[in-house]
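In the working numbering, the protein residues as written are 8 to 535.
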């Protein structure tokens with residue numbers, strides 16, 4: 008009770024023995040689970056690295072920024088004789104634009120309200136849906152906002168034009184589906200629940216998420232078979248330059264999933280529910296990593312129906328025992344929000360190391376040390392903040408305590424209102440998977456096919472609500488430059504758009520540090 012009270016109310020010193028008596032066992036148990044989960048993701052990345060980087064040559068847009076910054080090379084229309092990276096005037100112009108814009112907004116919202124605020128981030132004034140609230144059926148478009156994130160515009164410029172085109176175009180197609188559903192009366196009052204959910208946008212996104220993972224694994228099947236042969240017999244592809252041996256990746260990954268399954272059983276989950284949950288989670292992480300490697304958007308949400316949603320909201324809560332539902336709720340903390348998950352960051356690190364000529368085995372050691380250091384630092388910093396200021400006091404952002412309750416609020420509803428399999432939702436998931444498969448086949452068969460399946464995937468999540476317009480701008484800039492100026496003009500303009508990314512991140516960091524030094528609440532300078 009003392010530790011709980013101090014956690015929520017604050018005014019307790021972290022060195023209090025009562026605090027550590029309460030926290031030592033949970034910290035050790037969940038740290039072991041988290042490290043196992045991270046290792047499992049690293050094993051999957053080791054198996055996927057070669058086919059994605061060396062065979063398919065995915066662009067890894069996010070990794071390109073630090074490679075350009077630290078490569079010691081030059082950016083410009085031609086590599087030979089071009090201006091060194093940090094001396095390129097277009098680069099500094101790109102940095103200057105978000106620096107000025109972020110500074111104006113930070114000063115306006117923190118120090119001088121008389122300074123005009125520039126609407127770069129989505130707010131009510133940029134929500135086009137408000138203009139259509141009283142216009143049937145156009146009001147069905149719902150939340151439909153503009154945004155002018157410099158970082159999103161810059162990264163969108165690095166994307167292949169078919170990917171950026173597909174992202175914003177399929178998002179608009181989804182809005183068109185909502186309007187048509189309202190026009191045909193599917194969402195009218197009194198209609199059945201199945202009709203009211205039309206056009207099942209988020210379910211389509213869930214099916215697309217699963218399809219991308221399955222199609223990606225199918226495309227690498229020959230390589231995975233070779234890896235298995237190498238792990239089993241020692242004969243097969245050379246893995247001396249990989250992050251770990253294929254034997255370690257396969258048998259270590261299997262050991263990790265067994266250990267996580269044992270952990271799940273220990274907290275009350277049935278073994279087959281645990282197995283199904285982690286398999287679905289693995290598929291979601293493969294898709295999320297694929298999106299990062301191929302699209303590199305700065306802010307990506309997973310499908311609304313994550314493995315929890317597939318098992319419970321679509322599969323039906325009534326099929327599970329209360330202890331299964333309770334154990335699943337204890338896993339929802341790492342599965343509720345995918346915006347900064349493990350595998351995409353690990354694979355970006357592998358891409359950077361591989362391109363820069365850094366040993367992947369050395370990278371593995373560096374990542375292991377960084378992971379353990381970050382884990383210890385995170386526990387200490389979070390507990391210090393909560394025990395000093397109080398998790399539910401006005402001194403701490405309410406997001407933390409609110410999100411901490413979400414899994415258990417969902418659990419209460421699932422136990423009190425159990426439902427069986429939702430067949431229309433299952434069909435919508437299959438439809439989304441079918442569309443993704445069709446787009447993949449068409450793209451593989453026809454060179455001229457302009458639409459990319461990844462665009463359909465991210466368009467049917469919450470990602471494009473904030474990013475569709477910056478992605479559209481990045482696509483317009485790149486497509487126009489390539490069409491009318493060719494690759495030469497694209498290379499000449501590239502430093503400017505890299506500067507937009509660097510400047511947005513840099514100013515967010517500097518203003519945040521200033522607010523911390525001054526110990527004042529400041530404008531949320533985060534780029535997204």
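The beta-carbon is built from N, C-alpha and C at its ideal position, and this holds for glycine as well.
(request) Mind the definition here: the region 172-182 touches the region 462-474 only if three or more C-beta pairs lie below 8 Å; say whether that holds. (result) Yes: the two stretches touch, three or more of their Cβ pairs being nearer than 8 Å.
(message) Beta-carbon within less than 6 Å of residue 429's beta-carbon, same chain only, minus the 5 sequence neighbours each way: which residues are those?
(response) Locating residue 429 in the chain shown gives position 422, counting from the first residue. The beta carbon of residue 429 lies closer than 6 Å to those of 321 in the same chain, with the five residues before and after it left out.
(request) Take the Cβ of residue 54 as the centre, count every other Cβ of all protein chains shown within 10 Å, and call the residue buried at 16 or more, exposed below. (result) Position 47 of the chain shown holds residue 54. Classification for residue 54: buried.
(request) Please list, in chain order, all residues of the same chain as residue 179 whose beta carbon is under 8 Å from its beta carbon, the five residues on each side excluded. (result) Walking along the chain shown from the start, residue 179 turns up at place 172. Closer than 8 Å at the Cβ level, and outside the excluded window around residue 179, lie 475.
(request) Under 7 Å Cβ to Cβ from residue 48, same chain only, skipping five residues before and after it: list those, please. (result) For the purposes of this step, residue 48 is taken as residue 41 along the chain shown, with counting starting at 1. Around residue 48: 292, 349, 350 and 353.
(message) Pull the bridge partners of residue 152 from the DSSP assignment, please.
(response) Residue mapping note: residue 152 aligns to position 145 of the chain shown, counting from 1. In DSSP, residue 152 forms a bridge with 134.
(message) If I follow the unbroken alpha helix (DSSP H) through residue 329, where does it start and stop?
(response) Along the chain shown, one-based indexing puts residue 329 at 322. 329-337 is the span of the alpha helix (DSSP H), which, as asked, contains residue 329.
(message) So, with DSSP's three-state summary, where would you put residue 349?
(response) What you label residue 349 is simply residue 342 of the chain shown in a count that begins at 1. It is helical.
(message) Looking only at its chain, what residues have a beta carbon closer than 6 Å to the beta carbon of residue 26, apart from the 5 residues adjacent to it on each side?
(response) Locating residue 26 in the chain shown gives position 19, counting from the first residue. Within the same chain, residue 26 has close Cβ partners 10.
(request) Locate the alpha helix (DSSP H) running through residue 26, then write down its first and last residues. (result) The residue labelled residue 26 in the question sits at position 19 within the chain shown. Judged by DSSP secondary structure, residue 26 falls within the alpha helix (DSSP H) whose first and last residues are 24-56.
(message) What does the alpha-carbon distance come out to for the pair residue 111 and residue 364?
(response) Reading the chain shown from its first residue, position 104 is the one you call residue 111. Reading the chain shown from its first residue, position 357 is the one you call residue 364. Distance between the alpha carbons of residue 111 and residue 364 is about 41 Å.
(message) Tell me the residue span of the alpha helix (DSSP H) that contains residue 109.
(response) Position 102 of the chain shown holds residue 109. Here the alpha helix (DSSP H) through residue 109 covers 96-117.
(message) Taking the alpha carbon of residue 424 as the reference point, which residue from 493, 511, 324 and 467 has its own alpha carbon closest?
(response) The sequence position of residue 424 within the chain shown is 417, counting from 1. With distances taken between Cα atoms, residue 424 lies closest to 324.
(request) Taking only the alpha-carbon atoms, compute the straight-line gap between residue 107 and residue 529 and give it to the nearest angstrom. (result) Your numbering for residue 107 matches position 100 in the chain shown. Your numbering for residue 529 matches position 522 in the chain shown. About 17 Å.
(request) Output the distance between the C-alpha atoms of residue 257 and residue 264, rounded to the nearest integer angstrom. (result) For the purposes of this step, residue 257 is identified with residue 250 of the chain shown, where counting begins at 1. For the purposes of this step, residue 264 is identified with residue 257 of the chain shown, where counting begins at 1. So the alpha carbons of these two residues sit roughly 11 Å apart.
(request) Could you name the residues of the same chain whose beta carbon sits closer than 7 Å to that of residue 260, not counting the 5 residues immediately before and after it, in chain order? (result) Within the chain shown, the letter at position 253 stands for residue 260. Exclusion of the five residues before and after residue 260 leaves 47, 50 and 51 as the residues of its chain whose Cβ lies within less than 7 Å of its Cβ.
(message) Buried or exposed for residue 389, going by 16 or more other Cβ atoms inside 10 Å?
(response) The residue given as residue 389 occupies position 382 in the chain shown. Counting Cβ neighbours within 10 Å, residue 389 comes out exposed, since fewer than 16 surround it.
(request) Under the assumption that residue 188 contacts residue 206 (Cβ atoms under 8 Å), give the Cβ distance between them as a whole number of angstroms. (result) As a working note, residue 188 is residue 181 in the chain shown. As a working note, residue 206 is residue 199 in the chain shown. For a cut-off of 8 Å, the C-beta gap from residue 188 to residue 206 is around 5 Å, short enough to register as a contact.
(request) Compare the Cα-Cα distances from residue 109 to each of 145, 229 and 519 and report the closest residue. (result) As a first step, residue 109 is located in the chain shown; it is residue number 102 there, counting from the start. Residue 109 has its Cα closest to that of 519, out of 145, 229 and 519.
(request) Could you tell me which of 488, 198, 327 and 312 sits nearest to residue 344, measuring between CA atoms? (result) Locating residue 344 in the chain shown gives position 337, counting from the first residue. Of the candidates 488, 198, 327 and 312, the one whose C-alpha sits nearest the C-alpha of residue 344 is 312.
(message) Between the region 290-307 and the region 435-445, can you find at least three pairs of beta-carbon atoms closer than 8 Å?
(response) Put simply, the region 435-445 does not touch the region 290-307. Fewer than three CB pairs are less than 8 Å apart.
(request) State buried or exposed for residue 387, treating a residue as buried only when at least 16 other CB atoms are found within 10 Å of its CB. (result) Counting from one through the chain shown, the residue named residue 387 turns up at place 380. In this structure residue 387 is exposed. Its beta-carbon is surrounded by fewer than 16 other beta-carbon atoms within 10 angstroms.
(message) For residue 433, report the span of its alpha helix (DSSP H) as first-last.
(response) Start at 1 with the first residue of the chain shown, and residue 433 comes out as number 426. Residues 430-452.
(message) Give me the residue from 393, 331 and 214 with the minimum Cα distance to residue 404.
(response) Start at 1 with the first residue of the chain shown, and residue 404 comes out as number 397. Considering only alpha carbons, the answer is 393.
(message) I want to know whether the region 156-171 touches the region 66-81 - three or more CB-CB distances under 8 Å.
(response) The region 156-171 makes contact with the region 66-81; the number of CB pairs closer than 8 Å reaches 3 or more.
(request) From the DSSP output, in three-state form, read off residue 320 for me. (result) Translated into positions along the chain shown, residue 320 becomes position 313. In this structure, residue 320 counts as helix in the three-state DSSP scheme.
(message) Contact between the region 282-296 and the region 149-162 is defined here as three or more beta-carbon pairs at a separation below 8 Å; is this criterion met?
(response) No: fewer than three Cβ pairs fall under 8 Å.
(message) Just to confirm the assignment, what range does the alpha helix (DSSP H) spanning residue 123 have?
(response) Stepping through the chain shown from its first residue, residue 123 is reached at position 116. Following the DSSP letters along the chain, one finds residue 123 in no alpha helix (DSSP H), marked with neither H nor E.
(request) Out of 302, 337 and 299, state which residue places its alpha-carbon closest to the alpha-carbon of residue 315. (result) If you number the chain shown from 1, residue 315 lands on position 308. Residue 337 is the option with its Cα nearest to residue 315.
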